[in-house]
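Enquirer: Residue numbers (this note's numbering), protein chains in the order written: chain A, 1284 to 1530; chain B, 1284 to 1530; chain C, 1284 to 1530.
Just so you know, even glycine gets a beta-carbon here, dropped at the ideal spot from N, CA and C.
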Amino acid sequence: MFTAIVGSETLRSTLDSVSVLVDECKIHLNEDGLTIRAVDPANVGMVDLRLDASAFESYEADDVVIGVDLTRLEDIAGMADSGQLIDIELDEEIQKLRLRMDGLEATMGLIDPNSIREEPDIPDLDLPATIVLEGRDLNRAITAADMVSDHMELGVDVEREVFYVDAHGDTDDIHLELSRDELIEFDVGEASSLFSLDYLRDINKAIPRDTEVQIRLGDEYPVKFTFPYAEGRGQVTYMLAPRIQSS
Amino acid sequence: MFTAIVGSETLRSTLDSVSVLVDECKIHLNEDGLTIRAVDPANVGMVDLRLDASAFESYEADDVVIGVDLTRLEDIAGMADSGQLIDIELDEEIQKLRLRMDGLEATMGLIDPNSIREEPDIPDLDLPATIVLEGRDLNRAITAADMVSDHMELGVDVEREVFYVDAHGDTDDIHLELSRDELIEFDVGEASSLFSLDYLRDINKAIPRDTEVQIRLGDEYPVKFTFPYAEGRGQVTYMLAPRIQSS
Amino acid sequence: MFTAIVGSETLRSTLDSVSVLVDECKIHLNEDGLTIRAVDPANVGMVDLRLDASAFESYEADDVVIGVDLTRLEDIAGMADSGQLIDIELDEEIQKLRLRMDGLEATMGLIDPNSIREEPDIPDLDLPATIVLEGRDLNRAITAADMVSDHMELGVDVEREVFYVDAHGDTDDIHLELSRDELIEFDVGEASSLFSLDYLRDINKAIPRDTEVQIRLGDEYPVKFTFPYAEGRGQVTYMLAPRIQSS
């Protein structure tokens, strides 16, 4: 059983955060809220999302797992205006999700969860450096790096106490530094890893510009980006595997 | 003879209402104003438009029929700013239309009216149901249906006194209902017909969001959409043939 | 040696004015400011730009010529917000340009100036007619002409004292006239030349709508468009070769 009422923006943020990596996913529902974990086909980028029951206007769910086509569900959720409420109901018998919004009713076929790629185990890594910055600063770094290269280095200069972004192209380079007083939080630690801009560009689409984003970083280790959404009643974590640094 | 001065928006609305169905058309001019009738190449969608002489700043015309390329005339009319007046004059000798707007003069070659597809007879059907709603509500129904299917049903549930829109896709369905108090006018009558969304999508482009649109509907019969424009001095009617319902 | 601080908009206007004609160019730097001259591969359109040292917040340069890829430099300059300052420094040893803006540092490889197409000698023609008008009026004429033809005539009707634009297409024509009182300045002289709209369309992209543009024109002669930018501390001149008039 699952029946809920949710603000259209909360639903859209939830779906968009996952659809930057995968086209379909399993949604785990229980009385506490919903969780989604997914990994892209190349096993490079993972997403781990939770949305608390308190983020909904009303929420009731037994333990159940449903499989959804994200694009189709995003299209339907996109029919609601900002600020409008969406009524969601699961019809387990016919395996359909029913969405109602201001006179419009959409019925969407679900996907057999067993046909969806298995969910990743997102490792609980002990990463030595933690950086908290505004989403817009991360966006700027990724956009700049993307102009000159197809991968970028995230790192911490322990001595100078700066967080840096480095991208080297064939002819042009980008370097960006943020010192302790330009960051919201900064736990200095040895860290330097290289990441694919293909993935960072996609993840960046889902990161709100005006939200605090926590970056956890290590030495040739995966990076984790974590940020709250739905007024703190939801949280998204992306984990991205590093590329091997050739130099 | 034809010479007139018209607001750029009135001219553009006229042309856009017709160009959603055909690329070229005949324009009938006489002392009362202009009329255009056209049918798309597949004989599925028809348009019937009239614009009264009173919608013009100045207007003089003998009985004459001209053939125009709508895209080219739209391009020229698009050179005028909103609120600007356009001076139109027919040069019958060289079969050209001369348009003047703030220093700019465009001369556009006409098309031999005999080379344009014959105009349809738009039948005066006795359709049992009449619905009047805001253009934006019709737009919403068409947009939603278009996400899941390539045709949609328009109908009236006589018992429950609701106007409904239904679209069935391979996996997803859309259903929208508007009851008497959500409609501007509603003459209940037995009606249910299926229409191609290809056509509805095109027609929808020309329907102003903030205008009252009258829908006349029957049982496996064509639908008629009628709405005023040019502050009520013009009127557009679209008629769309139904698709055979397989079920 | 070259080191300077410049407003992002001034830098972008400089680059955009040249990139409408060529992808790479030589920039001549000396203590007075910078100059760029370039001609398109077909030798039809030329640009001659100067930006005075006073247009910079700070400026220091020895005589030096650098070769730049305009698209890449535009991308980097585009990272700065409007109103933001960009710090530019030439590293002659490694032949790179270093740009700094609010924490972001970009290093851009230069191009060997000898590998760039030779700069044109822009002839000092004695053109009989001079017209000064608003950029928006020129824009309107070019946009209109572009709808009906692929070339347009610029000319002066000496008797009637009007500047005119004429474009003849297969079926449609555009004619635009501006008389002395619609122009900012007007030195009447015998003039009528035909130009490619491919080039005019590109040049038009770089002409500010709210700037006075000087047009100098002759009889089957090149046309020159000149306008100030950077609050009058810079100037751009385009010269365009005429097409042979067949009639």
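#1: Using only the alpha-carbon positions, how far apart do B/S1291 and C/S1337 sit?
#2: How is B/Y1447 classed by DSSP in three states: helix, strand or coil?
#3: Alpha carbons only, please: which of B/E1388, B/L1334, B/D1409 is nearest the one belonging to B/A1360?
#4: By the 10 Å Cβ neighbour count, where 16 or more other Cβ atoms means buried, how is B/T1413 classified, buried or exposed?
#5: Taking only beta-carbon atoms, is A/A1427 less than 8 Å away from chain C?
#6: Going by alpha carbons, who is nearest to A/V1431 out of A/G1386, A/V1289, A/S1479, A/R1400?
#7: Report yes or no: do three or more beta-carbon pairs, one from the segment 1348 to 1360 of chain B and one from the segment 1384 to 1403 of chain C, lie closer than 8 Å?
#8: With the cut-off set at 8 Å, would you say B/I1371 and B/L1382 are in Cβ contact?
#9: What does A/R1333 reach in chain C if we use C-beta pairs closer than 9 Å?
#10: Would you identify the three-state DSSP class for C/Y1482, choosing helix, strand or coil?
#11: Below 8 Å between beta carbons is the criterion; list the residues of the segment 1363 to 1396 of chain A that meet it against any residue of chain B, in chain order.
#12: So with Cβ pairs under 8 Å, would you call A/I1359 a contact of chain B?
#13: What is the residue span of the beta strand (DSSP E) that A/A1344 lies within?
#14: If you scan the segment 1426 to 1473 of chain B from start to end, which runs of the beta strand (DSSP E) of 3 or more residues do you find wholly inside it?
#15: If you draw a straight line from the alpha carbon of C/G1472 to that of A/R1419, how long is it in whole angstroms?
#16: Residues in the segment 1454 to 1465 of chain B with C-beta within 8 Å of chain A's C-beta atoms, listed in sequence order?
#17: Measure from the alpha carbon of A/E1444 to the alpha carbon of each residue in A/L1466, A/D1433, A/E1495, then state which is nearest.
#18: Taking the C-alpha atoms as reference points, what is the distance between C/A1424 and B/D1470?
#19: Which residues in chain B sit within 9 Å of A/R1295, going by Cβ to Cβ distance?
#20: What does DSSP give as the partner residue(s) for B/Q1518 in the beta ladder?
#21: Specify the secondary structure class of B/S1270 as computed by DSSP and reduced to three states.
#22: Contact criterion: CB-CB distance below 8 Å. Does B/R1423 meet it with respect to chain A?
#23: If you draw a straight line from the C-alpha of B/M1391 to the C-alpha of B/G1350, how long is it?
#24: Below 7 Å on C-beta distance, what does C/R1355 contact in chain A?
#25: Taking 8 Å as the CB-CB limit, is A/M1227 close to chain C?
#26: Between the segment 1484 to 1495 of chain A and the segment 1299 to 1313 of chain A, do three or more beta carbon pairs fall short of 8 Å?
#27: Let's test the definition: count the other Cβ atoms within 10 Å of the Cβ of B/S1365 and tell me whether it reaches 16, buried, or not, exposed.
#28: Start and end of the beta strand (DSSP E) containing C/V1496?
#29: In or out: B/R1320 buried (at least 16 other Cβ within 10 Å) or exposed?
#30: Leaving out five residues on either side along the sequence, give the residues of the same chain with a beta carbon under 7 Å from the beta carbon of C/A1428.
#31: Quick check: the Cα distance between C/T1536 and C/D1331, rounded to an integer number of angstroms?
Expert: A quick look at the data gives this:
#1: 46 Å
#2: strand
#3: B/E1388
#4: buried
#5: yes
#6: A/S1479
#7: no
#8: yes
#9: The contacting residues do not exist; A/R1333 stays about 33 Å from chain C at best.
#10: helix
#11: G1386, L1387, E1388, A1389, T1390, M1391, G1392
#12: yes
#13: 1341 to 1344
#14: 1434 to 1440, 1445 to 1451, 1455 to 1462, 1468 to 1470
#15: 56 Å
#16: T1454, D1455, D1456, I1457, H1458, L1459, E1460, L1461, E1465
#17: A/L1466
#18: 53 Å
#19: In chain order: nothing, as chain B lies at least about 15 Å away.
#20: B/R1333, B/P1511
#21: Residue 1270 of chain B is absent from the model: chain B starts at 1284 and stops at 1530.
#22: yes
#23: 11 Å
#24: D1455
#25: In the structure as shown, chain A starts at 1284 and stops at 1530, and residue 1227 of chain A therefore has no counterpart that could be examined.
#26: yes
#27: exposed
#28: 1495 to 1500
#29: buried
#30: M1435, V1448, A1450, I1457, L1480
#31: Absent from the model: residue 1536 of chain C. The displayed extent of chain C is 1284 to 1530, so no value can be given.
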